[in-house]
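Scroll down for the structure; my scribbles are underneath it.
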Amino acid sequence: MLLRILLFLLLTCLSAPAARAQTPLAAPVPAADSGRVFTLTDMLTYVALRHPVARQAGLLPARALQEVRYARGLFDPNATSKYYGKTFKGKEYFHDWDTQLRVPLWFGADIKAGYERGTGTYVNPENFTAPAGLSYIGLSVPLAQGLLMDERRAAVRQAQALQGLAEAERRGALNKLLLQAAKDYWDWGLSYRQLALRRQNVVLGDVRFRAVRQRVIFGDLAAIDSVEALGELQKRQAELSQARVEFGNATLVLSNYLWNEQQQPLNLPATVRPQALPGPAAWRALPPDSVAALAALAQQIHPELQKSRAKLSQLTVENRLLRNKLLPKLTLDYNLLQAGQPFNPEKPASLSGAYLENNYKLGVSFAYPLLLRQERSKLQLNRLKQQDTQLELQQDTREIETGVLTVANNWQALREQLALQQQVVQNALRLRDGEQTRFENGESSVFLINSREDKLLDARQKLAALQAKYAQTQATLRWAAGGVVEEE
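Numbers -21 to -1, 1 to 467, taken from mature numbering (1 follows the signal peptide of the UniProt record, and there is no 0), label the letters of the sequence shown in order.
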């Protein structure tokens, strides 16, 4: 659900307001239809749902969930049973049986219940019981080290922090993939536009060559003018051939992103065309408050920052564990005993004061390293890692903020360049039309009108390149802000 919402917001702001084909999410690649437009929406939908890298990124949260499950397994109840017996030359030496159920608790203690039976002539006196055996229920509590934090709780907390890290890595990988796909899509759209301009130029050159040849036949122009027109036509045909190659290569690059549900690669049909490059209606300004909002939002949700924060969270849990390791190991074990099995606390005599005072097994263990060099060293290493990660977070925060502002500045500059280049195209078109009128009146030459058309083509190509770059900058701005955009 999160992926679909993110993708919807991404597409609404990245896409230019052009006519788009209504393609279902799970639809195959558009069939070979000369009127079919393969939009940016279609493209990014395929990438997000079916691309192997996107699917790999989707595995990261599932792996992190299993890590949490694995860590929680440290708190699973544990049942053990052991029996040792010895009989030699028909003589029974001993029978020693111990069965126990141990249930770890979150705060570090363990509840245990069991049954033990030790009989025989040579049984260890410590394990000797009456023939009916001995049942017990007890508690093992750490009083110093392990009371506030232990390995089990640390493993669970670190695994939970790993979930945030995995989600950030998933979003980061998916955002990079979508950004590159969007850039390659607009490169494909630019090559399609350049191919269309080259075709138009060839048609104009062919019409002019035929007209000039007729005028040469009628004696209105010199024969050299037909040579000039033919040379220009051949040059444009060569440029058209190169444009076809570039468009074909761009189509192949875009096909790399397309996969079906069976994970088989797909190819774009040769007749499918991209949506139009963003026109003047899409060259909107960025409100200053929106840039500030994107920069502020990036500080909260950018994947790189979230990864650093998740690492800090893991290191914080580790720090608590290592500080707890400086305490001595002091553990109290208490077992309430009852003859026979099973232990039955419902009997009134079982919980009386006299019974509790005379039927128990008590143990206390203590251990403490005198120098604590290993523990103190690990703690200092952890603090150094925390400082390193904190500095990395500060640097990433600054770079991400600067990145958002830089892309926003590029956006504004491209808007100005697009407006100026559109005027350049209009001026070049007026000059070409004026030169055409002069040529028809016999006041110009084939060379001059060809020169005007070359400049017009160059101006249109530069405008198309700026339009594609503008569309790519839109995508880059959202990526710089962490891939989350606001709905228009």
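In this text, a Cβ means the ideal position worked out from N, Cα and C, and glycines have one as well.
Here R81 is bridged, per DSSP, to N57, K91. DSSP places T416 in the helix class (H, G or I) of the three-state scheme.
A straight-line Cα-Cα distance of about 55 Å links R48 and L397. Judged by pairs of C-beta atoms under 8 Å, the stretch 163 to 178 does not touch the stretch 296 to 304, as fewer than three such pairs exist.
Contact annotation: A147 and K290 have beta-carbon atoms that are not nearer than 7 Å.
Cβ neighbours of Q137 within its own chain (closer than 6 Å, five residues either side excluded): Q293, V296.
If you check the CB distance, S423 and R417 come in under 7 Å. Annotation for A318: the continuous beta strand (DSSP E) segment containing it runs 308 to 318.
Positions of the alpha helix (DSSP H) runs, each at least 4 residues long and wholly inside the stretch 325 to 372, are given as 332 to 337 in order along the chain.
Note on the stretch 104 to 158: whole beta strand (DSSP E) runs with a minimum of 3 residues are 113 to 121, in chain order. In terms of CA proximity to L84, V120 leads the group V120, T368, P259, A92. Taking a contact to require three or more Cβ pairs closer than 8 Å, the stretch 91 to 102 and the stretch 306 to 322 qualify as touching.
Among the bridge pairs identified by DSSP, R96 is matched with W76. By the neighbour-count criterion, in which a residue is buried when 16 or more other Cβ atoms sit within 10 angstroms of its Cβ, E419 is exposed. Secondary structure at G227: helix, using DSSP grouped into helix, strand and coil. Every unbroken stretch of the alpha helix (DSSP H) spanning 4 or more residues and falling wholly within the stretch 260 to 295 is given here in chain order: 267 to 280.
Spatial neighbours of R51 in its own chain (CB-CB distance under 7 Å, excluding positions within 5 residues in sequence) are listed in chain order as V135. Around the Cβ of G184, a 10 Å sphere holds 16 or more other Cβ atoms; the residue is buried. Contact between L156 and A33 holds: CB atoms are separated by about 6 Å, below the 8 Å threshold. Note that the C-beta distance between T59 and Q35 is not below 7 Å.
Around the C-beta of E395, fewer than 16 other C-beta atoms lie within 10 Å, and the residue is accordingly described as exposed. Within the same chain, Cβ atoms closer than 7 Å to the Cβ of T455 are found at L158, V386, the five residues on either side in sequence being excluded.
Per DSSP, reduced to three states, the secondary structure at V16 is strand. L176 is positioned such that its CB atom lies no closer than 7 Å to that of Q446.
Setting aside the 5 residues that flank it on each side, S344 is surrounded in the same chain by T310, each with a C-beta closer than 6 Å to its C-beta; the list follows chain order. Taking F86 as reference, the option from F54, A111, Q139, G99 with the minimal CA-CA separation is F54. Of the residues Q279, Y449, P104, the one whose Cα lies closest to the Cα of P259 is Y449.
In terms of Cβ geometry, D199 and V191 do not form a close pair [threshold 7 Å].
Excluding its 5 nearest sequence neighbours in each direction, A459 has C-beta neighbours in its own chain below 6 Å: G382, V383, V386, listed in chain order. Under the criterion of beta carbons closer than 8 Å, W262 and R29 do not qualify as touching, at roughly 33 Å.
A check of alpha carbon separations from R172 across T452, L442, R457 identifies L442 as the nearest.
DSSP, read as helix, strand or coil, puts K162 in helix. The C-beta distance from Q254 to G143 rounds to 37 Å, too long to meet the 8 Å contact threshold. Runs of the alpha helix (DSSP H) lying entirely within the stretch 187 to 248 and spanning at least 4 residues, in chain order: 202 to 234.
Taking all protein chains in view, the Cβ of D129 is crowded by 16 or more other Cβ atoms within 10 Å, so the residue is classified as buried.
When C-beta atoms of the stretch 404 to 417 are compared with those of the stretch 427 to 444, three or more pairs fall below 8 Å, so the two segments count as touching.
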